[in-house]
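Protein chains in written order, with my numbering: chain A, 1 to 382; chain B, 1 to 382. Take a look at the structure set out below.
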């Protein structure tokens, strides 16, 4: 028996973080725009987008999902075919599940997101990593893909079934030369999957120019969408592999189980999209902002790891100073979280001081200054 | 290049159906409650629920996801273990993918939702149907499961790997005796999956009483949640099969790719949940309402198919009269849709007259009367 008392906690779900400047890379690109928030009021009900369903999510004309998926998004990403997934990880799994058989090997960068590993495990595939360069830049050398592919061939007697690059990776924000990895994959005739969860919707990206066979994006991470929703783009020639139709229900795509993001995700992605198109035009300014931030933090002894000069808003920092403070502070490692919060800033995981990541994406000039000053003040105070 | 003109259609996404009484069974149980609509404003941003992530969605304490998944929902469904999926179909796939190997056979009821077939195809499993009784009741005879299981054994040399029942089915709203099917499955030592997408959140349900190994529900279909989100409940002994952890990331569950419904779905499900708990108490009244409605329509020659007396709000109707009208009406089959809309009612698919399904779930007395009168008026008018 569930008591009324037990239910009380669900009745008024307030989000504390809404009042703060949030520098966690995870939500920064997923903040929805006011008209998307309005759209949520209209379409918040379950299955609302299916009012005028004609058999499949992507074919719905009202709201304009068909146009969005089949005309606008392919243009936006310069790719042949788009389908909607529940998120980047679900897109990665869909590709792996369609392309790889149990026991196959997938070559990935060692900076890959954890879900890459888990998706491979779910398809019962093996993983072989292209190592990064280690401290302090942790870069992926594109030519190492050749080496690792050859190793797989030697060890298993056959080529890997899929090559994957994380672009940028979610730890250091490093952007490898994706085009070069595509070239290497194609020399071996292996399909190439680009995980652009932190790229698509933040920075300009052309699947054709990179020449990837598959490209993955995340709505809630980088396309100002209410989660969960993702995008999977592919070359025309890959369509039959991924979007094979059911033999029982001719219109339904097996790998997508018929329909995927039937709700708030697709509505907010569409509603936010005009802003997303606009914001990627300002990508160079975002990179400039990140470099300025990195430079300011380095001045007070907080070292940026990963590529330098940096090419993305997601940055990883190392600070012996903050770590030393934590050792003598009564709140120990939690002091940084609390000090920043006092200054209206959240997003660095409670407990971290020595290593942490953050993002400056879409921070206003004033917010950027507030964050820089906060770190300066904290270092000076202790 | 995307033009501003092309983007205009995404800027103000209005939902026409919000103004109408919607009798489409798909969204009726998914209408969110006012406090869930408010929660969407707070938590609409991508990854908002992950502000205080400690490594996995179901472990988050603020908002109270941990309590919801590990305390409240197991009580609500009388089941050992709960996990969150992207929807009922994704839950069905997760079970099939964990339990079945390529080439295995799954025994399902022939009234099963299309996604059951597609999920089986995605796992490369074969399907064997328990036939229904045909026109007009289309009932599944529970004892036929024995026959079909024996057939599979005879034909393939081994037992099916999974048994599934749709409870109720989404076409006729028939409720079979799930307990009996569970018994039959267990006689053969085959795990039993109950698809309760139209049950969980509408009517009282106890997984223990039915003795199913797995139970599936849909948030956007029947738990007043913004889509997509679903629930997968299971016996303790099945936990290791479904929720196996990654060898790379010890805390992450492979079949769920780490985390599932990281956003609007889980928030609205929690916010609506106190109302859901309350509404299932009134299930008997809902059944009474459905029977009253069915009786009134039968009086004007619109025949209810499926079980009679009916035990669920989802009903399938057959009307030769409306079909005859459509043949001489200038709007042809679309006349019914337009006539109902004039009376403030939507939800019967445009074009249908002879066969259609609808739901009376949570209609107020006044709305119910409006819908009954609408059908009476239309029949009388033509």
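Backbone N, C-alpha and C define an ideal beta-carbon position, used for all residues, glycine too.
Terminal residues of the continuous beta strand (DSSP E) containing residue i?
i: residue 318 of chain A; result: 314–318
i: residue 2 of chain A; result: Here residue 2 of chain A belongs to no beta strand (DSSP E), and DSSP marks it neither H nor E.
i: residue 227 of chain A; result: Residue 227 of chain A -> no beta strand (DSSP E), and no H or E assigned at all.
i: residue 127 of chain A; result: 126–130
i: residue 84 of chain B; result: 81–85
i: residue 208 of chain B; result: It is not in any beta strand (DSSP E) - residue 208 of chain B instead sits in the alpha helix (DSSP H) that spans 207–210.
i: residue 308 of chain B; result: Per DSSP, residue 308 of chain B belongs to no beta strand (DSSP E) and is neither H nor E.
Buried or exposed, going by whether 16 or more other CB atoms sit within 10 Å of the CB of residue i?
i: residue 309 of chain A; result: exposed
i: residue 380 of chain B; result: exposed
i: residue 1 of chain A; result: exposed
i: residue 251 of chain A; result: exposed
i: residue 134 of chain A; result: exposed
i: residue 48 of chain A; result: buried
i: residue 384 of chain A; result: Since the first and last residues shown for chain A are 1 and 382, residue 384 of chain A lies out of range.
i: residue 364 of chain A; result: exposed
i: residue 226 of chain B; result: buried
i: residue 208 of chain B; result: exposed
i: residue 168 of chain A; result: buried
i: residue 58 of chain B; result: buried
i: residue 85 of chain A; result: buried
i: residue 144 of chain B; result: buried
i: residue 328 of chain A; result: exposed
i: residue 123 of chain A; result: buried
i: residue 191 of chain B; result: buried
Looking only at C-alpha atoms, which of the options sits nearest to residue i?
i: residue 115 of chain B; options: B:166, B:269 and B:190; result: B:166
i: residue 291 of chain A; options: A:325, A:185 and A:313; result: A:313
i: residue 358 of chain B; options: B:352, B:366, B:364 and B:348; result: B:348
i: residue 109 of chain A; options: A:127, A:45 and A:42; result: A:127
i: residue 90 of chain A; options: A:316, A:233, A:322 and A:16; result: A:233
i: residue 274 of chain B; options: B:202, B:321 and B:117; result: B:202
i: residue 443 of chain A; options: A:306, A:331, A:307 and A:298; result: As displayed, chain A neither begins before 1 nor continues past 382, which places residue 443 of chain A out of reach and without an answer.
i: residue 376 of chain A; options: A:333, A:231 and A:295; result: A:295
i: residue 11 of chain A; options: B:217, B:268 and B:18; result: B:268
i: residue 160 of chain A; options: A:68, A:129 and A:170; result: A:129
i: residue 287 of chain B; options: B:74, B:32 and B:362; result: B:362
Would you kindly report the start and end of the unbroken alpha helix (DSSP H) that includes residue i?
i: residue 373 of chain A; result: 365–381
i: residue 295 of chain B; result: 283–299
i: residue 187 of chain A; result: 178–187
i: residue 430 of chain A; result: This structure gives no information on residue 430 of chain A, because the portion of chain A shown stretches from 1 to 382.
i: residue 254 of chain A; result: First-last for residue 254 of chain A: undefined, no H or E at that position.
i: residue 342 of chain A; result: 335–342
i: residue 54 of chain A; result: Per DSSP, residue 54 of chain A belongs to no alpha helix (DSSP H) and is neither H nor E.
i: residue 13 of chain A; result: Run containing residue 13 of chain A: none; DSSP gives neither H nor E here.
i: residue 75 of chain A; result: 73–77
Give the DSSP-derived three-state secondary structure of residue i in the structure shown.
i: residue 217 of chain A; result: strand
i: residue 48 of chain A; result: helix
i: residue 138 of chain A; result: coil
i: residue 192 of chain A; result: strand
i: residue 105 of chain B; result: strand
i: residue 270 of chain A; result: helix
i: residue 356 of chain A; result: strand
i: residue 151 of chain A; result: helix
i: residue 40 of chain A; result: helix
i: residue 321 of chain A; result: helix
i: residue 175 of chain A; result: coil
i: residue 238 of chain A; result: helix
i: residue 23 of chain B; result: coil
i: residue 277 of chain B; result: helix
i: residue 164 of chain A; result: strand
i: residue 65 of chain B; result: helix
i: residue 263 of chain B; result: coil
i: residue 232 of chain B; result: strand
Shorter than 7 Å from the beta carbon of residue i to some beta carbon of chain D?
i: residue 271 of chain B; result: Checking the listed chains, one finds no chain D in this structure; the protein chains it contains are A and B.
Exercise. Are there three or more Cβ pairs, one per stretch, closer than 8 Å when the segment 190–200 of chain A is compared with the segment 213–225 of chain A?
Worked result: yes
For this session: Determine, using beta-carbon pairs with one atom in the segment 39–55 of chain B and one in the segment 21–35 of chain A, whether at least three such pairs fall under 8 Å.
Result: yes
For this session: Examine the Cβ distances between the segment 94–109 of chain B and the segment 238–253 of chain B and report whether three or more of them are shorter than 8 Å.
Result: yes
Exercise. Would the segment 168–177 of chain B and the segment 137–144 of chain B be scored as touching if the rule is three or more Cβ pairs under 8 Å?
Worked result: yes
Exercise. Are at least three pairs of beta-carbons, each pair with one atom in the segment 147–160 of chain B and one in the segment 267–283 of chain B, less than 8 Å apart?
Worked result: no
Exercise. Would the segment 33–48 of chain B and the segment 367–381 of chain B be scored as touching if the rule is three or more Cβ pairs under 8 Å?
Worked result: no
Exercise. Quick check: the segment 259–271 of chain B against the segment 118–126 of chain B, are there 3 or more CB pairs under 8 Å?
Worked result: no
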